Amino acid sequence: MFKNLFKRNKKDDKNNEVKLEKQDELDEELKDDIKVDESKHKTGFFEKLKQGLDKTRKEMTDKIDGILNSYSKIDDELFEGLEEILVTADVGIKTTMEIIDKLKERVREENIKDPEEIKYLLKDEIKRIMTQSGGENELKIDPSPAVILVVGVNGVGKTTTIGKLAYNLKMQGRKIIIAAGDTFRAAAIEQLEEWGKKAGVDIVAHSEGADPAAVIFDGIQASKARKGDVLICDTAGRLHNKKNLMNELNKIFRVVEREYPEAQKEVLLVLDATTGQNAISQAKVFNEVCDITGIALTKLDGTAKGGVVIALQSELNLPVKLVGVGENIEDLQPFNVDDFVEAIFG
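Throughout the sequence shown, residue numbering follows UniProt numbering, covering 1 to 346 in sequence.
And the structure:
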């Protein structure tokens, strides 16, 4: 009997090896397909970003063009007009003043007389001010394993962002697991499970009201056991009680440090672009509670306040890493400063 069982086991092992080899071949094919399509995706991403920033472009760039075309010489009144447009687009007063001061200085130093030339200087200064913070705009998830802790208040699009991010990373050939750590909000777990199905990734979840840190612990164990590349962790976002939120997040961070010390860490704050300066306020509060490593900015396609991206990077030194420019699962994309500025001024 044991001999027959041994034979069957050997046969099963052989079958499993064949399956694994086939899976490896499929994974390699997927990676090759992704490499071939990279340039096509880049073009598609830029077009989506440009479309998504349409309202901001009309609110900001079209008005800037209007002012520059209506002046025959460069004077204080022209700069005041530019200042008002930037503030209205939620670039922020501090950042706006810095940009305007630098424009005045360059106009003087470079002896610029034509108002239309200011547009090129403005593009230059916005790029400079957004890159001088020194923050990396790319997600740090290589080499694997990596943990992305996602924070943010309810209603900003946190669950949607996690689902889209999981899908994007899976399409890059990575093994993704989601831990449903927002156990306090009604239906949060069910929503995340739905997104997990759409993205085709595994979800680790407990019942509503469970200890979030325990969910993250189980997520880490699952990621280790299944050789996951990236573990994406949802967390609760209840800013009305900052102390409780701080304690809860600290507990989660301790679990991650203790159980997954070898993993790359990202703390991603999800913000709603349509809230403008309120998004800045939320970022300040969360940055006090935990060390934010990057921003995921949602609903950029639904706002004329896209200037908030500039304020986040320049005033708070928080790099924007992802932007949502639509409702489809593919519409979350990596953020690039040059693309952003070109899409606005294009």
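We put the CB at the ideal spot given by N, CA and C, even for glycine. All values reported here derive from a predicted model rather than from experimental measurement.
In the DSSP annotation of this structure, E117 is not part of any alpha helix (DSSP H), being labelled neither H nor E. A direct Cα-to-Cα measurement between G307 and A283 gives close to 15 Å.
In the DSSP annotation of this structure, G152 is not part of any beta strand (DSSP E), being labelled neither H nor E.
Of the candidates G52, K265 and K170, G52 places its Cα closest to the Cα of T303.
A straight-line Cα-Cα distance of about 41 Å links C290 and L78.
Note that the stretch 250 to 261 does not touch the stretch 271 to 287; fewer than 3 beta-carbon pairs, one per stretch, sit closer than 8 Å. The stretch 317 to 330 and the stretch 80 to 91 do not touch, with fewer than three beta-carbon pairs separated by less than 8 Å. Judged by DSSP in its simplified three-state form, K321 adopts strand. With contacts defined as CB atoms closer than 9 Å, E110 and I129 fail to qualify as a contacting pair.
Counting along the chain, Q333 sits inside the beta strand (DSSP E) bounded by residues L332 to P334.
The Cβ-Cβ distance between L169 and V230 falls below 9 Å. Here Y167 is buried, its C-beta having at least 16 other C-beta atoms within 10 Å. Going by DSSP, Q264 is part of the beta strand (DSSP E) stretching over Q264 to D272.
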